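> Questions regarding the structure given below will be posed in turn.
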Amino acid sequence: MTYPIELVNICKSFPSADGNTPLQILNNINFCLKSNESTAIIGKSGTGKSTLLQICGGLDKPTEGSVLFNGTDISKLSDAKMSELRNRKIGFIFQANMLMEDFTALENVMIPAQIQGRRESECKPIAQDLLKQLGLEDRMNHYPAQLSGGEKQRVAIARALINDPDVILADEPTGSLDEENAKEVEDRLLEIVKSGNRTLLLVTHNMDFARRCDRILVLKNHTLTEEKASK
Amino acid sequence: MFRLKVAFRYAFSKIRRQRLTSVFICLGIAAGIFAMFLIMSIMNGLQSKQIETLRSVESFDIIVWNTSLKPEDIEQIDGIDRVFEFAETPVLINNLNSSSSVSARIRAYDPSFFDYRRVRGNFTSYPIAETGISLSYNIASSLKFLGGSNFEITFLRPGKTATIVPYTQSIDVTAYYGSALTEFNDSTVLTSLDTYKSILGERNIGLGIFCSSSVEKIAKAIQDKDSNAEVITWKQYNNAVYGALVLEKAIMYVFLSFMFLIICVNLRNSTRRLIDSRQIEGAMLRALGCRRGDIRTIFVLQGLVICIIGEAIGTLFGLLALNNMDSILDFIGKVSGSYLFMSSMIEPSLSTVEITVILCAVLLLGFIYTYAGCRKVFRSEIMEVIYDVSD
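Residue numbers (numbering that gives the first Met the number 0), protein chains in the order written: chain A, 0 to 230; chain B, 0 to 390.
Rendered as structure tokens:
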């Protein structure tokens with residue numbers, strides 16, 4: 000059986016400041032994400048949650064182990080194939096939203112589709128529709144500097160969804176938001192997973208948000224344990 | 000199309016810091032291009048002016064001595080513009096009032112010579128009077144000439160008992176002249192051909208030729224017509240000066256090369272700065288699924304857009320300055336109180352080939368440096384770049 004994402008014996012270490020003993024972050028991590036399921040990774044700051052998420056999405060490389068995406072080892076993919084995978088199959092939502100400051104909200108949302116080679120006329124209605132769904136119909140032509148934190152994060156969600164990815168990876172998507180905005184973003188993300196055949200893996204410190212997910216994984220002492228299993 | 004759009008957005012960024020980076024790079028390139036155009040064209044202009052003066056005042060395009068050919072015989076050759084009779088012989092000029100003397104050569108022209116288009120303007124005053132001689136200001140000064148002086152000229156001519164004997168004759172100074180060639184002014188007194196012939200007879204009379212096409216081909220054609228004639232081109236006649244001008248041109252290119260080197264270093268640093276300031280965007284694009292090649296294309300296009308704008312500004316201001324050199328020199332003169340270059344001395348010239356070579360070279364460098372600079376963006380993992388730059 001293949002899973003959207005499967006991690007096999009993942010280890011990650013960074014060179015230490017003294018250059019002798021490497022700093023171990025992740026040790027022998029194994030887990031798999033099922034389709035149509037939301038999973039939250041929780042843990043203390045600095046335990047490697049974001050690193051684990053980035054490894055899942057091919058933004059960082061593990062020191063050991065392999066990441067299988069629908070059964071394919073992504074470490075063996077060429078730059079072109081890896082880029083295609085990131086573009087078509089994975090939607091990233093970064094903690095700091097990472098919007099392009101030189102582009103409007105609408106243009107930011109269209110970027111992944113245009114990278115794919117789709118024409119602006121083709122992807123513009125989709126992007127507009129996504130932004131409308133996220134309550135940003137009157138902010139489409141605003142630049143990120145003109146948007147609030149919550150609005151930026153919603154634009155980032157729309158950008159992650161434009162190519163209709165199989166997997167959404169979200170790194171503390173509500174970390175920089177107030178309670179009201181955070182709740183709104185949580186609702187949208189969970190709704191997106193439920194409404195389509197998608198998989199959500201998120202890193203959060205927000206226990207309420209984590210509890211609303213199908214599974215909770217705790218990263219502690221460099222290893223992953225399951226706190227709440229899916230039904 | 001998407002890549003070009005992103006490149007344009009990056010080049011004309013909404014972010015003030017990024018926009019300033021682009022503007023400074025643009026201005027740097029513009030200043031470099033402007034300076035190169037200005038220096039190259041002024042030096043070209045000075046050289047061609049010097050050569051033109053040399054060819055008109057000193058030596059024509061071709062000089063023919065000892066020929067039986069008449070001017071009208073030579074004018075039949077294709078590519079000949081005008082033929083003038085002229086004469087030249089060494090003399091000693093003596094100011095009897097101040098007891099000063101100067102050895103010089105006396106040059107005689109038909110008065111129509113000074114109205115010829117390539118000669119007109121090369122003398123500061125109309126130098127030929129109907130009778131007498133015309134002194135250059137330099138020679139007049141050497142002879143302590145204060146007006147109303149008595150002059151004698153001494154020259155050699157065939158004698159009755161000896162082959163050559165010195166002959167002295169009093170003569171009037173009837174005009175002054177000046178030319179752009181200092182050496183000419185220091186060594187030459189002018190007179191009309193009629194006056195010359197009345198004093199020295201038909202000796203040392205040659206033909207001065209102005210050409211409208213290849214000097215060397217015409218010189219050969221004249222030699223073919225009269226194998227006994229002594230045919231000298233302006234390059235041969237001014238061999239030493241021409242050699243110096245060629246050397247000067249070589250040195251000019253050395254200076255320009257150094258200048259180009261400075262532009263290269265600045266361009267390299269600028270493109271590096273440009274890419275460094277966009278590292279995070281590069282990593283973001285990779286995270287969103289952009290291939291390395293596409294990101295490199297975006298950065299290269301961005302660099303080229305900035306280069307082209309900088310070049311356009313530099314070219315525009317450079318050409319404007321060249322076309323308004325008179326006003327600029329006058330303004331500098333008024334402000335500084337020093338007229339180092341008279342506007343008539345500089346006729347800046349820059350060929351299309353030179354402009355194209357400079358612009359293409361800068362564009363090529365911009366391309367190479369941006370292309371090479373992209374390596375840094377791809378060297379690290381995506382998140383390393385994002386975290387490094389964010390920190």
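Think of the CB as a built atom: it goes at the ideal place given N, C-alpha and C, for glycine as much as any other residue.
If you're wondering where the values come from, they're calculated on a predicted model, not measured in any experiment.
(1) Out of curiosity, what's the CA-to-CA distance linking Q127(A) and M139(A)?
(2) Enumerate in chain order the residues of its own chain whose CB-to-CB distance from E353(B) is below 7 Å, with the five nearest sequence positions on each side excluded.
(3) Using only the alpha-carbon positions, how far apart do L200(A) and T38(A) sit?
(4) Assuming G205(B) and F85(B) form a contact by the criterion Cβ under 8 Å, report the distance between their Cβ atoms to the nearest whole angstrom.
(5) Would you kindly work out how many angstroms separate the C-alpha atoms of N43(B) and L362(B), rounded to a whole number?
(6) Please confirm if A16(A) has its CB atom under 7 Å from at least one CB of chain B.
(7) Counting contacts by CB-CB distance shorter than 7 Å, is D390(B) in contact with chain A?
(8) If you drop the 5 nearest sequence neighbours on each side, which residues of the same chain put their C-beta closer than 6 Å to that of W394(B)?
(9) Hey, would you say F316(B) sits closer than 7 Å to F122(B), going by beta carbons?
(10) Terminal residues of the continuous alpha helix (DSSP H) containing L192(B)?
(11) Which runs of the alpha helix (DSSP H), 4 residues or longer, sit entirely within the segment 200-253 of chain B?
(12) When you compare the segment 16-33 of chain B with the segment 217-228 of chain B, are there three or more beta-carbon pairs, one atom per stretch, that lie closer than 8 Å?
(13) Might you give, ordered along the chain, the residues of its own chain that have their beta carbon closer than 8 Å to the beta carbon of V240(B), omitting 5 neighbours on each side?
(14) Quick one: Cα of R210(A) to Cα of C306(B), how far?
(15) CB-CB under 6 Å to G372(B), same chain, minus the five flanking residues each way: which ones, in chain order?
(16) Checking 7 Å against the spacing of the C-beta atoms, do P172(A) and I54(A) come in under that value?
(17) With three or more C-beta pairs closer than 8 Å as the rule, is the segment 110-124 of chain A touching the segment 133-151 of chain A?
(18) So is D101(A) buried or exposed if we call it buried at 16+ other beta carbons inside 10 Å?
(19) Can you look up N265(B) in the DSSP assignment and give me helix, strand or coil?
(20) So, for S55(B): in the same chain, excluding its five sequence neighbours on each side, which residues have a beta-carbon less than 6 Å away from its beta-carbon?
(21) Show which residues of chain B have a CB atom less than 9 Å away from the CB atom of L146(A).
(22) Name, please, each residue of chain A whose Cβ falls closer than 7 Å to the Cβ of E280(B).
(23) Which same chain residues, not among the five before or five after N69(A), have their C-beta less than 7 Å away from its C-beta?
(24) Per the contact definition of three or more C-beta pairs closer than 8 Å, is the segment 89-98 of chain B in contact with the segment 136-149 of chain B?
(25) Rounding to the nearest angstrom, what Cα-Cα distance links H221(A) and Y368(B) in this structure?
(26) Alpha carbon to alpha carbon, what distance is there between L130(A) and N236(A)?
(27) Does the segment 7-15 of chain B come within contact of the segment 55-69 of chain A, defined as at least 3 CB pairs closer than 8 Å?
(28) Which value, in whole angstroms, describes the spacing of the CA atoms of R411(B) and I279(B)?
(29) So what does DSSP say about G232(A), is it helix, strand or coil?
(30) Pop quiz: C263(B) and L364(B) are said to be a contact at Cβ under 8 Å. What is the actual Cβ separation, rounded to whole angstroms?
(31) Using a Cβ-Cβ distance cut-off of 7 Å, determine whether F23(B) contacts chain A.
(32) Looking at the structure shown, is S99(B) part of a helix, part of a strand, or coil, going by DSSP?
(33) Compare the C-beta of E441(B) against all C-beta atoms of chain A and say whether one is closer than 7 Å.
(34) What residues in the segment 59-83 of chain A have a beta carbon less than 7 Å from any beta carbon of chain B?
(35) Beta carbon of L98(A), beta carbon of I381(B): below 7 Å?
Here's the rundown:
(1) 7 Å
(2) M39
(3) For the pair L200(A) and T38(A), the Cα-to-Cα distance works out to about 5 Å.
(4) 6 Å
(5) 23 Å
(6) no
(7) Here the model assigns D390(B) a pLDDT of 43, short of 50, so the residue's position is not dependable and the matter cannot be decided.
(8) Missing from the structure shown is residue 394(B); chain B here goes from 0 to 390 and no further.
(9) no
(10) L192(B) -> alpha helix (DSSP H) spans L192 to L199.
(11) With a minimum length of 4 residues, the continuous alpha helix (DSSP H) runs that stay inside the segment 200-253 of chain B are 214-224 and 233-236.
(12) no
(13) L53 and E182
(14) Distance between the alpha carbons of R210(A) and C306(B) is about 55 Å.
(15) T270, R271 and I274
(16) no
(17) no
(18) buried
(19) Reduced to three states, the DSSP call for N265(B) is helix.
(20) R117, V118 and N121
(21) Under the 9 Å cutoff, chain B gives no residues; its nearest Cβ is about 13 Å from L146(A).
(22) M99
(23) For N69(A), where only same-chain residues beyond five positions count, the Cβ hits under 7 Å are T1 and P3.
(24) A contact exists between the segment 136-149 of chain B and the segment 89-98 of chain B.
(25) 43 Å
(26) Residue 236(A) is absent from the model: chain A starts at 0 and stops at 230.
(27) no
(28) Residue 411(B) is absent from the model: chain B starts at 0 and stops at 390.
(29) The structure shown has nothing for residue 232(A), since chain A only spans 0 to 230.
(30) 6 Å
(31) Chain A, which has no Cβ nearer than 7 Å to the Cβ of F23(B), makes this no.
(32) strand
(33) Because chain B is modelled from 0 through 390, residue 441(B) falls outside the range shown and cannot be assessed.
(34) D59, K60, D78, A79, S82 and E83
(35) no
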